[in-house]
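Just so you know, the working numbering puts 863 at position 48 of the sequence shown, and the rest follows in order with no gaps.
No residue lacks a Cβ here, since even glycine has one placed at the ideal position from N, Cα and C.
Being a predicted model, the structure only gives us computed values, none of them experimental.
These notes are about the structure you will find just below.
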Amino acid sequence: MDISYIINELAEDRENYFNAVAPPIMQTSNFVFNTVDEMRNAFADEYSTYLYSRGRNPTVDILRKKLAALDGAEDCLVFNNGAAATFAAVFANVKNGDHIVCVDKPYTWTQKLCNEILPRFGVTTTYVDGTSIENFERAILPNTTLIYLESPNSWDYKLQDLKAVAELAKAENIITVIDNSYCTPLFQKPIEYGIDLAMQTATKYISGHSDTLGGVLSGSNKMIEKIFNSEYMNVGSGIQPFNAWLLLRGLRTLPARLDRITASTQKVLAYLKHHTKVEQVIFPFDENFAQLALAKQQMKGACGLMTFVIKADNIMQIENFCNSLKHIYMAVSWGGHESLVIPKCSGIKRENFIATSKEHRMLRLYVGLEEPEYLIKDLEQAFEKM
Ligand SMILES: *Cc1c(COP(=O)(O)O)cnc(C)c1O
816 MDISYIINEL AEDRENYFNA VAPPIMQTSN FVFNTVDEMR NAFADEYSTY
866 LYSRGRNPTV DILRKKLAAL DGAEDCLVFN NGAAATFAAV FANVKNGDHI
916 VCVDKPYTWT QKLCNEILPR FGVTTTYVDG TSIENFERAI LPNTTLIYLE
966 SPNSWDYKLQ DLKAVAELAK AENIITVIDN SYCTPLFQKP IEYGIDLAMQ
1016 TATKYISGHS DTLGGVLSGS NKMIEKIFNS EYMNVGSGIQ PFNAWLLLRG
1066 LRTLPARLDR ITASTQKVLA YLKHHTKVEQ VIFPFDENFA QLALAKQQMK
1116 GACGLMTFVI KADNIMQIEN FCNSLKHIYM AVSWGGHESL VIPKCSGIKR
1166 ENFIATSKEH RMLRLYVGLE EPEYLIKDLE QAFEKM
């Protein structure tokens, strides 16, 4: 399916709403039935009917059809945020006594799920360095039922070979889930490589304007229906119609924004790479990136997020740098219009900072939609104040 068709036309039944170009926000909690029999049928199969908006809602459905098509999946669910999508994907596919193999250093709340919540239900996790397939092979136990991936990671951009992991998992009857947030389906389609469930936060690039949260989970009809009828309905973590509408609005410009950010990222990257106060830049499509060949093989693009290691003798130099930035904001998240920075040392007490540690001197930069020269000027004046 053509990406322009998916974004502009798919699932929009405009004749049903006065030929309006923008879809309506169906801000309703419930739906009326004319006969007992209609109501009976709805109770019997909520996945296929409008009954109550904790389940299905027409505005959310337009978004679901578009996002599933972008992922090349049969269906998808849209959650109130990405963490809820991960929770549902994992929880639906493990039971007491099961074991998960998870890639090293996944997103914070994925770690919390595996380390703090799942053990209470008798589910254990082994973390592996996902850069080699042998590490997955070695970690699999007879009770392993799920492999959780995040490729690339959003701090060091380490990748997993998606095809190889999917093949290994299929042979062992293990379900695979990936956090595809860095790439979005425009740059990577994990389902085409055999991954069962593709999760992404829609808070980042799909929204694109830092004004709503959202999370997507795509997969086969069978898997999505199962999750709909259990975790999705029971936790009640589905997206609200207004937020779904904001994501539909964001989707219209997603390819244009990714093109723009790709071009700006190259300029900022080139500037940082040649700066005397920068020790290293980490970016999946950089010529020095350790897994560049794999990145080029399974990703169509890379943009926005990069990490750089600043040359500093003490933590105050890094703090001075960050505190001096005027236009690049210090904040979590990414994918919006505004450029952002997070220094690793913001998670470290000053007395525990080790200047020789490369990790402690890392800063994650997100390049937004501003003019790249405007951002470079801001970085330059901040370097001068270090
Ligand atoms: C932000 C993020 C999430 C969580 O998404 P929310 O919408 O904030 O819940 C998950 N994975 C990655 C890589 C993220 O950056």
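Can you tell me where the alpha helix (DSSP H) with residue i in it begins and where it stops?
{"i": "L1062", "result": "1056–1067"}
{"i": "Q1112", "result": "1107–1113"}
{"i": "M816", "result": "From DSSP, M816 is part of no alpha helix (DSSP H); its letter is neither H nor E."}
{"i": "F1136", "result": "1130–1139"}
{"i": "I948", "result": "948–954"}
{"i": "I1191", "result": "1187–1199"}
In the DSSP output, what is residue i paired with across the bridge?
{"i": "T1080", "result": "T1080 is not bridged to any residue."}
{"i": "N845", "result": "Y867"}
{"i": "D890", "result": "G1034"}
{"i": "T940", "result": "I915"}
{"i": "I1097", "result": "T1122"}
{"i": "T1016", "result": "G1030"}
{"i": "I1157", "result": "R1179"}
{"i": "L961", "result": "I915, I990"}
{"i": "M854", "result": "None, per the DSSP bridge assignment."}
{"i": "T1053", "result": "Here residue 1053 is Gly; the residue named in the question, Thr, does not match the sequence. In DSSP, G1053 forms a bridge with F894."}
Which residue comes first and which comes last in the beta strand (DSSP E) that contains residue i?
{"i": "V992", "result": "990–994"}
With a threshold of 8 Å between beta carbons, is residue i in contact with chain C?
{"i": "Y832", "result": "This model lacks chain C altogether; it includes just one protein chain."}
Starting from the Cα of residue i, find the closest Cα among the options and give me that residue.
{"i": "F928", "options": "E952, T946, I955, A899", "result": "Phe is not the amino acid found at residue 928; the sequence shown has Leu there. Answer by Cα proximity: A899."}
{"i": "F1136", "options": "G1150, K985, F1123, K1200", "result": "K1200"}
{"i": "M813", "options": "Y1020, S1022, S1154, I877", "result": "In this structure the chain extends from 816 to 1201, so residue 813 is not present and cannot be described."}
{"i": "L1184", "options": "Y942, L964, L1073, L1032", "result": "L1073"}
{"i": "C820", "options": "V875, G1116, R1067, T1171", "result": "The residue asked about is misnamed: residue 820 is Tyr in this sequence, not Cys. It is R1067."}
{"i": "V1124", "options": "C1118, A1117, I1133", "result": "I1133"}
{"i": "N1243", "options": "Y1047, T925, L977, T960", "result": "Any question about residue 1243 goes unanswered here, given that the chain covers just 816 to 1201."}
{"i": "E861", "options": "K1041, V1096, K1164", "result": "K1041"}
{"i": "E965", "options": "G937, Q926, K1173, S1025", "result": "Q926"}
{"i": "N845", "options": "E1007, R1075, A857, N823", "result": "A857"}
{"i": "V1096", "options": "A837, L1180, F1043", "result": "L1180"}
{"i": "Y1047", "options": "T864, T843, L892, N823", "result": "L892"}
{"i": "A904", "options": "D1128, T1080, Q1106, A1013", "result": "A1013"}
{"i": "I1163", "options": "G897, H1175, V1031", "result": "H1175"}
Pairs of beta-carbons, one from the stretch 859–870 and one from the stretch 1000–1008, closer than 8 Å: are there three or more? no
Counting pairs of Cβ atoms below 8 Å between the stretch 905–912 and the stretch 1053–1071, do you hit three or more? no
Given 8 Å, three or more beta-carbon pairs between the stretch 1089–1105 and the stretch 1137–1157: Because the criterion of three Cβ pairs below 8 Å is not met, the stretch 1089–1105 and the stretch 1137–1157 do not touch.
Does the stretch 886–902 come close enough to the stretch 948–956 that 3 or more CB-CB pairs lie under 8 Å? no
For the stretch 844–862 and the stretch 914–924, state whether three or more C-beta atom pairs, one from each stretch, are separated by less than 8 Å. no
Mind the definition here: the stretch 1107–1124 touches the stretch 982–996 only if three or more C-beta pairs lie below 8 Å; say whether that holds. no
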